Every structure is written in C-alpha cells, then in structure tokens.
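Working notes for the structure below.
Residue numbers (the numbering used here), protein chains in the order written: chain A, 63 to 216; chain B, -15 to 744.
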C-alpha cells in the first residue's frame, strides 16, 4: 500500500507491505539505530517517536504511520550527543545495544516531565531493559544531565 | 601519580553507541545476503527417519535447504576454548539425532525472511520420537543415552563416558576428610539447586558470512572469541584454517554466551556450499531455547567446624546438567569447588567431587561466573547455616575463617593469595549497610520485617598457563600509536582500558592510542575475552609491548641524537640525551622513520600468566518481607570489591553494578521451567523475567584495592566475580527475616510463603 509520512523531518511516500512492522520498515530505510531485542514488546530497544510520543516500533504496523511524524535517533543526533555524553562519562553506554531506545525514551521524558523524581524517572523508563549496567549509572547520567540543564550548562 | 591508569576515562566508542551509529553485525551486513533460518525440533529426543526438502526448495527465492545428509560427518565442539578443548567433540552442524526441543533439524537459505519462513513450514520430517531424559539427577547410567554414537570423543580424558551419559567426573581430596569431620563439633550439610539461566544479552546471536576475493570464507560475528571461531568453523566444515577469517565488530553484550560458537556454523555452511553471502540473526525465542545458558546444578556442601566457629573441613559435590551437548561442561564444573572452598583459609581437609551429565535439554555453556556462581551459592549458604547453628553472626564467622593475604590456598591449585583485601571488603560493606545495627532483622510494625544477609565471593584472573593475549603497537605519522588487539570488547570497555594501560606506559593520552580489534587476519592472537582475563592477561601484554616499542623508539632516536640509546630518556613527547642534552621529538622520530629506513617502529608481545590471582568481594543485601504473603522486596545491595588496582573506576563500577543486578535476576526473578515434554516454558522476555530498573533496590559499590604484583599496574579482574554474591546473600536475608532457608533459586514470594507455612 502506498502511504505518505514524515521520517526525521523529511516527507516520504513509499509502498509498504501490510504485514510489515514499523521496526523492520525503519531498518530497511537505513535507520539502523532502531534495534530489535525481544519481539514481544518487553525490552524497549525499538523505541521511536510517533507524533512526538514514544512507541515500540515492533508493535506498530508500518501502515499506521500514514500522515504521521516518525522520529528515530538518526533525527535527534545533536540531542543524543548532549545527553549521551553524560552516559559516556558514567560508562553507562556499555555494549550500547539498548542505548538508542533508551535515549529516545529519556529525551521524550525530558519533554514530558518537569523536575522528575527518581521514582518518576524509574517508572517512566521501566520498559527499557538493559543487561549490562544494572541501571544505577543510567540514573547518575540522567540526574547529572537534568542538573546541567537546570543551570543552563547544556 | 598515574595519569591514564585509575582514571574514569570515557569509552572510545561511547559517542558512537549513544548516538545509535550502525556498528553492530546486522547493521553492517551487506544488502542482498541470503537469510538463513533453522527448523527446530519439536521433540526433546528423536531420530529423523525421513526428511524431504524438495517442496520447500520450490518456494520462489529459496537458495537451498540443508539437512544432516548435506553436512560434514566429523564431530567437533563449539566451545570457545583453547585447543585441545576439554569439551567433548559431540556436535555436527546438523545431526539425524535430535537431542532437545529446539535442536536444529534443517537449514533454509533464501532471498528474504518471508520465503524462508514459508519454506520452513514445507519441509517434511518424519520423526521417530524417543523417550527423553529430562531429569539430570537420573541421567547417569540411565537407559536413555543422549550420545550413543561411536564417534563421540574427548581430546583429553576428563572422566567422561558417553555410554553412561557422563561427560566428566573427578574426585579431589586434601587431608583426611572423614577424620576431620569426625572430630568437628558441628557439621552442616545441604543441597543447593540453581537453574539454566540465560545471559540475555540485548543483542542476540548473529553472524554473516561471505567469500572474499581470494575465495576465503569471511565470518563477521558477534563473538567473544574470534580466533576460536576460526578454528571451530574450519573444523566443522572440514576445510583448512587458512581458508577462514573472522571479524568482530561492536558486540551487543556477551556475558559468556558468545564464548560458544552457537550459530556461526549455519550461515558459514550456506556460504561454503553456495558461494553466496548469508546472514543469520537469532530471534529472542531462539536465544532462549537453543543457546548456551548457565549449567543447571545441584551442589551439595558440607562444612565441619569447632564450637567456636573455626572451619576445619569443607566438602563440595557438584552434579552438573550439561544438557544436550558438552560445551564448557568439564571446565565450568571445576570452578564450583575450587572457587568456593578457597574463600576460606586454615581448614585441615577438603574434598571436591563432581559429575557432569547429559540430558535432553538445552545445551549449557559459559555464563559470567562460569560455575563459581553455583558453587558459591552452596558454600556461602552453608557457611550462613553454620553461623545460625552456632548462634554466631555470619560476619563474625567469616572474619574468623576467610582467606587472608599471603595464605596458601590448597583448593586453588596451591596458589598463594598474593593480593587480598577480603577482610577490608567485608568490614567496609558492613559499615556501608549498618550491619551491626541491622543484623539479623527488625520488625517494622506493619506485618513486615527487614533483614540483612551477606556473602563473600571470589573468581580468577584468566586461566593460568593457558590464556594467551598478544598486542601489537606501531608508531605512525607525527607519533600517534595504533594498537592491534585480539581481545574482544563486548561493551565492557576493554579497548579503552587497554589504551589506558598503553598510555600510562608510553606517557601519552589514551586518545593518542588508536585501538583496532578484532580481525583474525590482522590482529595478534588472543584467546578472547572470557575467564576474566582481558585486563589481567592482555593488559600485561600491553605493558610488555610498550616496553619493547620504547626500546625501538630510543634506538631510532639515538641515530639522530648521535648518542647511545641507553643515555636517552623519553617523556612521551621528547627524547633527550642526558649527556649532550640534545633533543628530538617523537613526532620527528616517527616521521623520520618513514623515509630511508630499514627498521620499524613496531612491537608485538604476548603474555600468559603462570598464576591466576583471584579478585575478592563482599556483598550484603537488605530486604523487606511481608510475613503474611511472603512478598519480598530488595531494598538495597552493597558490595565492596578487591580487583587489585582499578584501571578505570567508572567502568569497573558499572561492571559491579551490572553484575550484581544480573545476580539479583538469578536470585529473585529469572527461572527456566520445562514442561513434561522438555519444552522451555520461559521462551521469551514475556515469561523470562529480567530485572527492570524498578526491581533492583539501591545498589552501592566501593573498591578496596589490593596490589597484585603479577598484574598490569597491580590490577586483577572484575568481570565475573560480581554476579556471585546476590543469591547467597538474599537467601540468608530471607532466613534472618523468617527462619526459612531456601535452597533452590529463584527466591520468590511463593517459596517464602510455603516455607513460612511449613514452619508453623
């Protein structure tokens, strides 16, 4: 089926098979930041934004993006670098495979929640699994990032 | 003062990873690769009577359908270990005997997933379904034999006999165990059961293969052991090792899973037979059912002590479930005794016996901790039980008995504890959590009770006299360095850590060291990243290589300074003749070496250690239990680690935090349950419950560094030890809260509730 949508700010018209997931479609378009970790909507690795809201792209049929705006980490490179540096400083990037989905969700959280508490942060990000870090360094990175934002350093 | 070592330097690949750059196997696989998938056995034990892929082959886009008739017939092992491997040669790429639910029946390669999925459904298989052997306690000498084949072999005798379902067995005695037991005032004994946990690295198993311009087979794989994969695949395909090249890009986690060549052989044989590029990406489902999880174990620990609490004798018997194939089985089991008993010094006798058996379940492999984890759960739980029986504080009984620096470790191959601050680790961990105020428990007044529990742990630093790591460094234009390594950074940051060691030696910034790895054609040999070896073993190779390279730099500088190289000092940038005060920069020496020169500014050295100094740690859990329902919450976990000198504090801390949470998963959430036909029920992340960020409680980590004389700048290892303390610590906290002693993981509300009912 032929549909039109915006991918990282660019208008695209494409023929998409009815049984294709948004995850597979995005990878086929070269958005390799979008990763598959589980196939059962449990890991958060495939998180992208659909009309500025984070979604699991493995659970979205690609046809559903007709007329909508899709953003992947490829479209958020500058923001990813700014927050990502705080992750790097904690060593919380580790193997990196869960990073794109995690960073997408953190950047969505920052837009959505004002001065979130530790509990709110953990609740917001609870769907993003990570097997390397044990999550503590994620929290340090986020809190350092939020503090830097608050004092206008980033 | 060290400038590069002991600094929290950002990983070299960090910015690429946090911005989602395409750096992993499936991101860089060429378009148009054949897609390879396997048909999986629905039976735990069966023979293929007839298999017909002719209709499947007719699906448009299908390149080939391969069955056991199409593959080489000699057996091999897929364990990533130094040759000759201790794991039995019990595999074929495809076999007519199927040994677990999920075993590969056939392979299909085609132009896209759709046609391959369709073809898989059209393969006609006639199975002779056999009775499966599912209970590892009944495996030895069972009428059902998992590997009856005549060509089963072990390269080294490890006490196996395939006709008895036995892969390995051994008895190790020190002192007169029975006599010492007889004179002990107190003896505790218990059996501890752990399951086949999945490493569950976020990137599943995957590889792609192609023939290069010379017709050689290139395998790009998410592997921890590229050099072992080269040998394994050449052996599996019965081709020359010279015909195989293995490349490792970034790896999305390993934890030991990728120390087994779980699936490289499948795309490899497709490319080998068709000449076409091929790719295989395991689904999470396949990674849960046909991979290389931790060995299920039942470890019986017996400890005898005086009434004052002096431990006089320890015995460990490990029954090990290899599953359908023997990868890492004869080796993992040995750690369950050597690296649990050796936490204690001063005993008069020990005995360590083990048996490793085949069953018709998923084949186990290497998983962080490598058998020590199972053994430590048993021995540390038994020591906690001993403390309870003596009415002593479990911390006090450790303080009395734990191994100390300088002590001989009879159960650790008679090595001495050359560096050990285990006493400081425990003291600090107690302080951090407030042990003396909190032990054993406090009623909270709302039906809930809070308690603490502790465990010690140890591991090793590489496999002594076997693990080999080489490094090569060359000086380039303007004096920047390129360092080639064969060690595999799987997210731990070893590329950066090894660059820090090199920078410390060469007195430059880690940014001046470009690190390349791994390509078996161009990287120096390294057995791979496993056995907690990289920092300790390959790190020493870096030190040696830098020394050799510095000598060459001095010799080159001596030419332009017209003095003896022994009179030159090098500060990282300038080379100065101490006699004439003449100077030349590294930049000029480097650039000069590229013009009219017969020597090379290149050095390569290998390292293997005769010893394997253990890292040590103490971990303490604080939990809250609802006495009505048994509901358990982990409030906090503190850990203090002695890994020798910490090369990169930030990365070491994340290793500890990550390993603790993996250990917490094993202790409280993760489980592998088989149905009556041998099918794994927990075959997705929906059912196999990894800890989320809501489950971990507060994790706090500190270091109490010793100095290990045989390690680079005093370093030991950190990668594996960190998974070992949560299970015994949390289990003892449950006891301290309720009086319920759980000996089977995971520790769940249901088990605690049943335990409480039984106490009534």
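Glycine is no exception: its CB is placed at the ideal position from the N, C-alpha and C atoms. Nothing here was measured: the structure is a model prediction, and the numbers come from that model.
Supposed contact pair residue j and residue i - C-beta distance, whole angstroms, cut 8 Å
i             : j             : result
residue 263/B : residue 351/B : Their Cβ separation, rounded to whole angstroms, is 26 Å, which puts residue 263/B and residue 351/B out of contact at 8 Å.
residue 427/B : residue 613/B : No, residue 427/B and residue 613/B are not in contact; Cβ-Cβ is about 16 Å, not under 8 Å.
residue 468/B : residue 506/B : 7 Å
residue 437/B : residue 720/B : 6 Å
residue 211/B : residue 511/B : 7 Å
residue 675/B : residue 442/B : Their Cβ separation, rounded to whole angstroms, is 24 Å, which puts residue 675/B and residue 442/B out of contact at 8 Å.
Residue j beta carbon less than 9 Å from that of residue i
i             : j             : result
residue 756/B : residue 457/B : Residue 756/B cannot be examined here, being either before or after the span of chain B that is shown, -15 to 744.
residue 397/B : residue 729/B : no
residue 23/B  : residue 92/B  : yes
residue 285/B : residue 158/B : no
residue 308/B : residue 121/B : no
residue 10/B  : residue 235/B : no
residue 387/B : residue 409/B : no
residue 112/B : residue 32/B  : yes
residue 356/B : residue 319/B : yes
residue 677/B : residue 184/A : yes
residue 703/B : residue 516/B : yes
residue 644/B : residue 710/B : yes
residue 72/B  : residue 147/B : no
residue 338/B : residue 367/B : no
residue 689/B : residue 628/B : yes
residue 666/B : residue 655/B : yes
residue 480/B : residue 632/B : yes
residue 570/B : residue 557/B : yes
Proximal residues of chain B, C-beta to C-beta of residue i below 7 Å
i             : result
residue 155/A : -5, -2, 1, 2
residue 107/A : 186
residue 120/A : By Cβ distance, chain B contributes nothing, its closest Cβ being about 11 Å from residue 120/A, past 7 Å.
residue 187/A : 677
Closer than 8 Å at the beta carbon, the chain B residues around residue i
i             : result
residue 123/A : Those within 8 Å of residue 123/A in chain B number zero; the least Cβ separation is about 16 Å.
residue 169/A : What residue 169/A touches in chain B: nothing, since even the nearest Cβ is about 11 Å away.
residue 88/A  : Going along chain B, no residue has its Cβ under 8 Å from residue 88/A, so there is no contact; the nearest lies around 11 Å.
Euclidean distance between Cα positions of residue i and residue j
i             : j             : result
residue 76/B  : residue 315/B : 21 Å
residue 207/B : residue 245/B : 7 Å
residue 524/B : residue 531/B : 11 Å
residue 35/B  : residue 90/B  : 9 Å
residue 70/A  : residue 114/A : 11 Å
residue 478/B : residue 519/B : 7 Å
residue 2/B   : residue 162/A : 6 Å
residue 117/B : residue 348/B : 15 Å
residue 326/B : residue 223/B : 44 Å
residue 407/B : residue 290/B : 21 Å
residue 214/A : residue 179/A : 19 Å
residue 572/B : residue 463/B : 8 Å
residue 416/B : residue 423/B : 13 Å
residue 521/B : residue 169/B : 43 Å
Residue closest to residue i, alpha-carbon to alpha-carbon, out of the options
i             : options                    : result
residue 171/B : 510/B, 363/B, 10/B         : 363/B
residue 399/B : 407/B, 408/B, 389/B, 39/B  : 389/B
residue 153/B : 521/B, 341/B, 288/B, 678/B : 341/B
residue 744/B : 724/B, 734/B, 731/B        : 724/B
residue 602/B : 569/B, 241/B, 440/B, 563/B : 440/B
residue 40/B  : 109/B, 554/B, 511/B        : 109/B
residue 466/B : 514/B, 687/B, 574/B        : 574/B
residue 101/B : 624/B, 268/B, 20/B, 562/B  : 20/B
residue 536/B : 577/B, 383/B, 672/B, 310/B : 577/B
residue 6/B   : 83/A, 90/A, 80/A, 82/A     : 90/A
residue 119/B : 662/B, 698/B, 690/B        : 662/B
residue 727/B : 509/B, 174/B, 336/B        : 174/B
residue 124/A : 72/A, 160/A, 164/A, 77/A   : 77/A
residue 694/B : 595/B, -15/B, 190/B        : 595/B
residue 124/B : 682/B, 186/B, 29/B, 343/B  : 343/B
residue 260/B : 268/B, 251/B, 266/B        : 251/B
residue 118/A : 195/A, 74/A, 190/A         : 190/A
Contact list for residue i against chain B, beta-carbon separation under 9 Å
i             : result
residue 165/A : 2, 3, 4
residue 159/A : 1, 8, 185, 186, 187, 234, 235, 236, 237, 475
7 Å Cβ cut-off: residues of chain A touching residue i
i             : result
residue 783/B : The requested residue 783/B does not occur in the structure, where chain B is confined to residues -15 to 744.
residue 100/B : Chain A residues near residue 100/B: none, gap ~14 Å exceeds 7 Å.
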